[in-house]
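In order, the protein sequences belong to chains V and B. So for the first sequence, my numbering puts the first residue at 16; every next one is plus one. So for the second sequence, my numbering puts the first residue at -4; every next one is plus one. Ideal Cβ positions, reconstructed from N, Cα and C, are used throughout, including at glycine. Given the structure is predicted, the values throughout are model-derived calculations rather than measurements. Single-structure report; data block below.
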Amino acid sequence: MVSKSPLNPVALVGQALFYGLFAVIIGYFSTSPAYRHLAPDMALIKLSYSHHGQPVTECRKRTAEELAKLAPNMRAPMACPRERSPVTVEIELDGKPLHKSVTPPSGLSRDGTATTYQRVEVPAGEHTLSVKMNDSVRHEGYNYVREEKLVLKPAQIVVIDFSADKGGIFFAQ
Amino acid sequence: MSAIESVRLSGLALLQRVERFFDAFFGAAANPWRHLGALGFYFVWIALATGIYLFIILDTGIEDIHTSIEYYTHQQWWLGGVIRSLHRYAADGLVLAMLLHLARELLYGRYHSFRWYSWITGVPVIWLVYASGIGGYWLVWDQLGLFSAVASAEWFDWLPIFSDPAARNFQPGILNDRFFSLLVFLHIGIPLLLLLALWVHIQRVSQSDVFPSRALGFGTLGMLLALALVKPTVSHGKAELTSLPELLHIDWYYLFIHPLMYFTSPAGLWALAGLATLLLLALPLLPHPRQPPLAVVNPPNCNGCRRCFVDCPYGAIAMTPHPDKPGHELAQVIPELCASCGICAGACPSSTPFRSVDTLLTGIDMPQQPVGALREEMERKIAALAGPVKIAVFGCGCAADVRRLQGADTAVLNLMCTGLLPPSFVEYALRGGADGVLVSGCREGSCAYRFGTRWTEERLAGRREPHLRPTVPAERLRIHWADGHEMSSLKAALEEFRQNLQSFGADEKRLRPYTPRRIAQHG
Chain V
16 MVSKSPLNPV
26 ALVGQALFYG
36 LFAVIIGYFS
46 TSPAYRHLAP
56 DMALIKLSYS
66 HHGQPVTECR
76 KRTAEELAKL
86 APNMRAPMAC
96 PRERSPVTVE
106 IELDGKPLHK
116 SVTPPSGLSR
126 DGTATTYQRV
136 EVPAGEHTLS
146 VKMNDSVRHE
156 GYNYVREEKL
166 VLKPAQIVVI
176 DFSADKGGIF
186 FAQ
Chain B
-4 MSAIESVRLS
6 GLALLQRVER
16 FFDAFFGAAA
26 NPWRHLGALG
36 FYFVWIALAT
46 GIYLFIILDT
56 GIEDIHTSIE
66 YYTHQQWWLG
76 GVIRSLHRYA
86 ADGLVLAMLL
96 HLARELLYGR
106 YHSFRWYSWI
116 TGVPVIWLVY
126 ASGIGGYWLV
136 WDQLGLFSAV
146 ASAEWFDWLP
156 IFSDPAARNF
166 QPGILNDRFF
176 SLLVFLHIGI
186 PLLLLLALWV
196 HIQRVSQSDV
206 FPSRALGFGT
216 LGMLLALALV
226 KPTVSHGKAE
236 LTSLPELLHI
246 DWYYLFIHPL
256 MYFTSPAGLW
266 ALAGLATLLL
276 LALPLLPHPR
286 QPPLAVVNPP
296 NCNGCRRCFV
306 DCPYGAIAMT
316 PHPDKPGHEL
326 AQVIPELCAS
336 CGICAGACPS
346 STPFRSVDTL
356 LTGIDMPQQP
366 VGALREEMER
376 KIAALAGPVK
386 IAVFGCGCAA
396 DVRRLQGADT
406 AVLNLMCTGL
416 LPPSFVEYAL
426 RGGADGVLVS
436 GCREGSCAYR
446 FGTRWTEERL
456 AGRREPHLRP
466 TVPAERLRIH
476 WADGHEMSSL
486 KAALEEFRQN
496 LQSFGADEKR
506 LRPYTPRRIA
516 QHG
């Protein structure tokens, strides 16, 4: 470098002050101001599932003629449609509608899972949470229902999920 | 002048005042404003060095990670805690230095013409710095890390790239230890990519400023250490997948994007980030002044000495085998790298005005300001000087406007960059009739072409080739660096120099006059 740092007392005090200011700027914004993600006395309900809807039509047994036309290695006795039903979910909180969505199956052939992830902020306190789900176009109304009384603490998170292994709709909290 | 250009120039004048103010305390070499890029690199080095230690002692398991971090934060605060804080604050300092570096280069107008490459390659660096830093917060796996991970996942879920929403991973019963191995892998892999991007970013500058001066380095490290001791980095509570803390002490340097997303929407944040990125990428494409003609090599006058090759701030000179002289080399200009600064012409030993040829041709020259024309201009202007103290002023077109100093007793030669000045011109001016020579240009660290100021000062001080001969009396040479807004300071320096010269006797500290044979013979 061409120049050198001045070493006189005024320069050194000035350097110390500016380094101090630098430290204050780095230190302050590394933790402040505090951020409040949820308003006080609010809780969060998340609707999050990844679920295969039911096939849009029933599987049917192939006739002997149909099986004969197929290659020997493709002669599955049942013919099932690839397309899956969309998944409809309706959530009510204390009897009032909170959320309703229809999630189509993924994939070009509409044969993948229907997935969703939604957040709804609700007041903390005691609530009746009711979730209804339909995953089959062949079924009128909702084929899965779960209703539960919950006491939500401020900033609590409740996840509404679906797992056939767990008996359908369940609340993770 | 457009309104945007007017704002840029006003901002530049303000920035240069700030830089000059800091020069008084730090000196240009340790002035953080003048070395923001080097400071950014320095923060990367600190983060990497401290990160190695943290990696060694970190337990990567869903239960262990928070516990191990808490252990070395509190029980081993004197080593692990300090290193963790250094890691964190160096990462914060990196963002600050990076954004200020970006703003500074923007204000100096350094984003188009030959600089397009450095500008464009700097844009991915911003993304990689943020990706590296945000991933580091997840690794701590406290409530803040969980919040950041979920917010980031929700942001990416807006893009149709995942079959299942990534945010679903942060639900009870889904996470496992392998997730943390992935996080460690990412927090090492992305910073390595960042290093690669930084290497690409500085490819078109020679002698890159990747380490700050010793004074700035020690000062910055001391500052970080003091901050680590006064305000040690601590974690939030252990991550709970079923609750959020009421208040999050977020690191605004990195995590501001999360509140911004919740204030707008994931799509809104993508739009803002995409727009900012596109704007930065598009800046070099906007209409700008045309770049002046490039340096031209004159093979008969190039002896392959390599001085231009060494001094070029952008690595735009290559040395190739001389086509006519076996065993010799010849300078070759790489057009896409040349900045048209003329520093190469100032470095060429053939640029000396003492050569007796009628037409001075040098080894490498600038078509818009050839060294031969500069000699003629200097001879003409010095010959026309009148008054008790005649001064020749060499200035820089990017710094304080020396043309405003022109007068009956002052000959002004305005160069494209002071680095174009061959030092022998100073002696030539003094022996040709000038009582003193004032050399001006951008302040150190402000030079539009990086090394114009530094090389000139080193050449005139005899520390760099081609050097000013030591027989030239130092009292008759004055160097005064002045940025664009420092005209009054330059005028004052000229007056003070004139008075100083006036105090000398007629022959005191004066070189023997020299009249070139071609002038003596032809007039």
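When the distance is taken between beta carbons, is residue j closer than 8 Å to residue i?
i	j	result
residue 395 of chain B	residue 346 of chain B	no
residue 11 of chain B	residue 475 of chain B	no
residue 336 of chain B	residue 447 of chain B	yes
residue 366 of chain B	residue 421 of chain B	no
residue 328 of chain B	residue 291 of chain B	yes
residue 180 of chain V	residue 64 of chain V	no
residue 126 of chain B	residue 132 of chain V	no
residue 102 of chain V	residue 66 of chain V	yes
residue 38 of chain B	residue 92 of chain B	yes
residue 99 of chain V	residue 70 of chain V	yes
residue 236 of chain B	residue 53 of chain V	no
residue 408 of chain B	residue 374 of chain B	no
residue 104 of chain V	residue 62 of chain V	yes
residue 308 of chain B	residue 200 of chain B	yes
residue 89 of chain B	residue 124 of chain B	yes
residue 253 of chain B	residue 49 of chain V	no
Should residue i be labelled buried (16 or more other beta-carbon atoms within 10 Å of its own) or exposed?
i	result
residue 50 of chain B	exposed
residue 17 of chain V	Unreliable placement is indicated for residue 17 of chain V, whose pLDDT of 48 sits below 50; the coordinate value is still reported in the next sentence. The residue is buried, with at least 16 neighbouring Cβ atoms inside 10 Å.
residue 323 of chain B	exposed
residue 24 of chain B	buried
residue 286 of chain B	exposed
residue 360 of chain B	buried
residue 124 of chain V	exposed
residue 85 of chain V	exposed
residue 389 of chain B	buried
residue 459 of chain B	buried
residue 73 of chain B	exposed
residue 25 of chain V	exposed
Below 7 Å CB to CB, which residues in the same chain sit around residue i once its five sequence neighbours on both sides are set aside?
i	result
residue 82 of chain B	42, 45, 46, 49
residue 105 of chain B	none
residue 31 of chain B	92, 95, 96, 99
residue 84 of chain B	219, 222, 223
Locate the beta strand (DSSP E) running through residue i, then write down its first and last residues.
i	result
residue 410 of chain B	405 to 410
residue 185 of chain V	183 to 187
residue 115 of chain V	111 to 118
residue 58 of chain V	57 to 66
residue 89 of chain V	Note, residue 89 of chain V: premise wrong, no beta strand (DSSP E); not H, not E.
residue 475 of chain B	472 to 476
residue 446 of chain B	Unbroken run through residue 446 of chain B: none, as it is neither H nor E.
Can you list, in chain order, the residues of its chain whose CB lies under 8 Å from that of residue i, leaving out five sequence neighbours each side?
i	result
residue 137 of chain V	57, 58, 59, 60, 108, 113, 167
residue 92 of chain V	76, 77, 82
residue 171 of chain V	58, 59, 139, 188
residue 57 of chain B	136, 170, 171, 172, 174, 175
residue 304 of chain B	312, 313, 314, 326
residue 54 of chain B	60, 62, 63
Go to residue i, then tell me how far its alpha helix (DSSP H) extends in each direction, as first and last residue.
i	result
residue 365 of chain B	Per DSSP, residue 365 of chain B belongs to no alpha helix (DSSP H) and is neither H nor E.
residue 177 of chain V	It is not in any alpha helix (DSSP H) - residue 177 of chain V instead sits in the beta strand (DSSP E) that spans 172 to 178.
residue 303 of chain B	302 to 306
residue 329 of chain B	First-last for residue 329 of chain B: undefined, no H or E at that position.
residue 124 of chain B	111 to 135
Going by Cα to Cα distance, which pick from the options is closest to residue i?
i	options	result
residue 159 of chain V	V/173, V/178, V/143	V/178
residue 146 of chain B	B/249, B/458, B/168, B/449	B/249
residue 47 of chain V	V/53, V/39, V/186	V/39
residue 485 of chain B	B/355, B/456, B/437, B/97	B/437
residue 377 of chain B	B/362, B/401, B/7, B/21	B/401
residue 380 of chain B	B/405, B/358, B/399, B/497	B/405
residue 348 of chain B	B/417, B/334, B/282	B/417
residue 203 of chain B	B/306, B/154, B/141, B/184	B/306
residue 181 of chain B	B/263, B/207, B/414, B/131	B/131
Which residues in the same chain as residue i place their Cβ atom closer than 6 Å to its Cβ, once the five residues preceding and following it in sequence are excluded?
i	result
residue 108 of chain B	286
residue 27 of chain B	34
Check whether the Cβ of residue i lies closer than 8 Å to any Cβ atom in chain D.
i	result
residue 66 of chain V	Among the protein chains of the structure shown, namely V and B, there is no chain D.
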